[in-house]
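Data first, discussion second: the structure below is written as structure tokens.
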Amino acid sequence: MLLEILKAFIIGICASAPLGPVAILVLQKSICYGHKAGFTTGLGASLVDTAYAIISIFAWAFAQNFINTYESIIFLIGGPVIAYLGYSMAFKDPFRKMEPGDVKTRGASPKDFLQAVATTISNPGAILVMFALFAFFQVDVSDRSFRIYPIILAVAAGSIAYWFFFSWFFSNWRKAFDMKKIMWLNRIAGIIIIIIGLALIGEGAFDLLFTGGK
């Protein structure tokens, strides 16, 4: 059970990590307004990610036999989605429209939270990523008893922890904000995510071609 909780915690981190619109929003709030504003924005994303995790878990439990039968196809579908996210991180410039503006610290605002919720909900591909991550880490959620709740909480904890440290880091280093360094870190992370996506595609293709699928 502890291993499943650890996997779920990592899933929460991985689901939050891609540097898309939500991450840019959190980054902008952290740099312009400080840690509280950035973290509150991240909490909005965590709420939606947790909801997507719950949907994925119950869909997984409901269709366990289907998933086991067509696991290779799921990998072939989820792999390109993850690889594309990695490509977007590594080779696109998500900062081109971002203007840090004047740096000034302020407290958290409900608007920050709601902006992140709206932005995350507007990206339906996030639930496919969550589903693919559960498949990749092979989290056992076949039992619908109380054992599911620690897994849900672990996903939420992973996402919250990621946004806490993400917003803390950039709010503390905002005076030394260097777009080029962030872009290089973003590219490295993107390449790693591409590799994960390609691994899913490779495993799915191998199973489909040589073992007839699972």
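Residue numbers (the working numbering): -5 to 208.
Where a beta carbon is used, it is the ideal one built from N, C-alpha and C, also for glycine.
Computed from a predicted structure; not experimentally measured.
Where Gly28 falls: helix, strand or coil (DSSP): coil
Lys174 at chain B interface by Cβ criterion, 8 Å: Chain labels in this structure do not include chain B; a single protein chain is all it has.
For Ile51, the nearest candidate out of Leu(-4), Phe125, Leu108 and Tyr27 (CA to CA): Closest by alpha carbon: Phe125.
Touching by the beta-carbon criterion (3+ pairs, under 8 Å), the region 31 to 49 and the region 101 to 117: yes
Nearest residue (CA-CA) to Ala234, options Ala129, Phe158 and Gly152: Any question about residue 234 goes unanswered here, given that the chain covers just -5 to 208.
Spatial distance of Gly152 from Phe85 (CA atoms): Computed Cα separation, rounded: 26 Å.
Which listed residue (Gly72, Leu0, Asn166 and Asp106) has its alpha carbon closest to that of Ala193: Check the Cα spacing between Ala193 and each of Gly72, Leu0, Asn166 and Asp106: the tightest is with Gly72.
Cβ-Cβ distance between Phe158 and Val20 below 8 Å: no
Distance, Tyr46 Cα to Thr113 Cα: 14 Å
Whole-angstrom C-beta distance between Phe164 and Ile25, which should lie under 8 Å: 6 Å
C-beta contact flag for Ile195 and Pro74 at 8 Å: yes
Beta-carbon spacing of Ala110, Ala2 below 8 Å: Not in contact: Ala110 and Ala2 (Cβ atoms no closer than 8 Å).
Integer-rounded CB distance, given that Phe131 should sit under 8 Å from Ile5: The pair is a contact, with the Cβ atoms about 6 Å apart (cut-off 8 Å).
C-alpha distance - Tyr27 paired with Ala11, whole-angstrom precision: 21 Å
Whole-angstrom C-beta distance between Ile76 and Val123, which should lie under 8 Å: 6 Å
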